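Enquirer: For the sequence shown, the positions run 1 to 278 when the UniProt record's numbering is used. All residues carry an ideal CB built from backbone N, CA and C; glycine is no exception. Note that this is a predicted model, so its numbers are computed, not measured. Starting off with a structure, shown below.
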Amino acid sequence: MKIIPEQPTRLRLVPISKLAAAPKWQLETMRALREPLFLWITNGQGRITIGARTRGFHPHNAIFIPAGTLHGMQALTRVQGTAIYFGARHGLELPETALHLRLRDASQHAEVSQLVDYVQREVEGQRPKADQAAYHQLGLLAIWLDRHNAAHQGENAAEMTQLNANERLTARYAALLEREFGSSLNVTDYATALGVTPTHLTRACRASCGRTALDMIQTRRLYEARKLLMETDIPVQDIARNLGFSTPSYFSRAFSLQIGQPPSSYRKVHEAKPRLTH
């Protein structure tokens, strides 16, 4: 039985201010979605990590994150804009690599704002065939992304894909971790799979993103654990087993040490709160 629930498959638009107001753990923990994500930043600044590279973001930044791409975000000031979650069954031709476009021309700002606005009107208008119309508008956004990807190919390639040795190793580790975080693999297992020593892997992770390899494992598992405790009624022992913890008691100790309260208490505190987007 699949314990970890699938993420929503429908198109959703969420104010970035709402995402930025989420708990720090939910915003900053590195994780991957099963759907593409487009961020249009209109105000504020912060940092976003995509794969193994961290960059600052500012107003009029357009960021596209393909499905399955590990990412995390930190808001340094009040951030505003729109996040578009494409849904898992969008059927669109989208870039296969992440894009971070800093738009400097006012006409470009107006163009992308208009595209986002058109999608939002269809989603919120609830008119006949609204979903179909919204995805047609998303198709225009996909074309916009493709055109700007080509126009900024040199800049984007240099900043997003030309990683140093530590960043390349960390990116490989992050991708493997995202596939296997529900298993009982430890740092040694991951290092062996990547053909390096555990010490080398930990050093590379620390140099790339300021975190140890072990911290990345624990943080990713506990991120998923908190979501499952908040959003489902799956028993704690099943969550522990399906996230690779050897015993429920070990899971409870690790959770309590990191979060400050045991899993059962955490669930009771949050069970009346509305569910989060992702």
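1. To the nearest angstrom, how far is the alpha carbon of Arg-168 from that of Ala-62?
2. Nearest by alpha-carbon distance to Asp-215: which of Val-187, Arg-226, Pro-15 is it?
3. Can you find the residues in the same chain that come closer than 6 Å, C-beta to C-beta, to Arg-12, ignoring five residues on each side of it along the sequence?
4. Straight-line CA distance for Asp-131 to Glu-122?
5. Give the straight-line distance between the Cα atoms of Gly-125 and Leu-194, rounded to the nearest whole angstrom.
6. Compute the beta-carbon to beta-carbon distance between Arg-220 and Thr-29, rounded to the nearest angstrom, for a pair I have assumed lies under 8 Å.
7. Using the beta-carbon count (16 or more within 10 Å), is Gly-87 buried or exposed?
8. Relative to the alpha-carbon of Phe-181, which residue among Ser-17, Lys-24, Arg-31, Gln-26 has its alpha-carbon at the smallest distance?
9. Tell me Leu-101's beta-bridge partners as DSSP assigns them.
10. Just verifying my parser: in three-state terms, what is the DSSP assignment at Phe-38?
11. Within a Cβ cutoff of 6 Å, which residues of the same chain sit near Pro-36, ignoring the five residues on either side of it in sequence?
12. Just reading off the beta strand (DSSP E) that Met-73 is part of, what are its end residues?
13. Going by the CB atoms, is the gap between Gln-74 and Arg-55 shorter than 8 Å?
Expert: Let me lay it out:
1. 24 Å
2. Val-187
3. Tyr-85
4. 7 Å
5. 49 Å
6. 7 Å
7. buried
8. Arg-31
9. Ala-62
10. strand
11. Its chain contains Pro-66, Ala-67, Phe-86, Leu-94 as the residues whose beta carbon lies nearer than 6 Å to that of Pro-36, once the 5 sequence neighbours on both sides are disregarded; these appear in chain order.
12. 71-75
13. no
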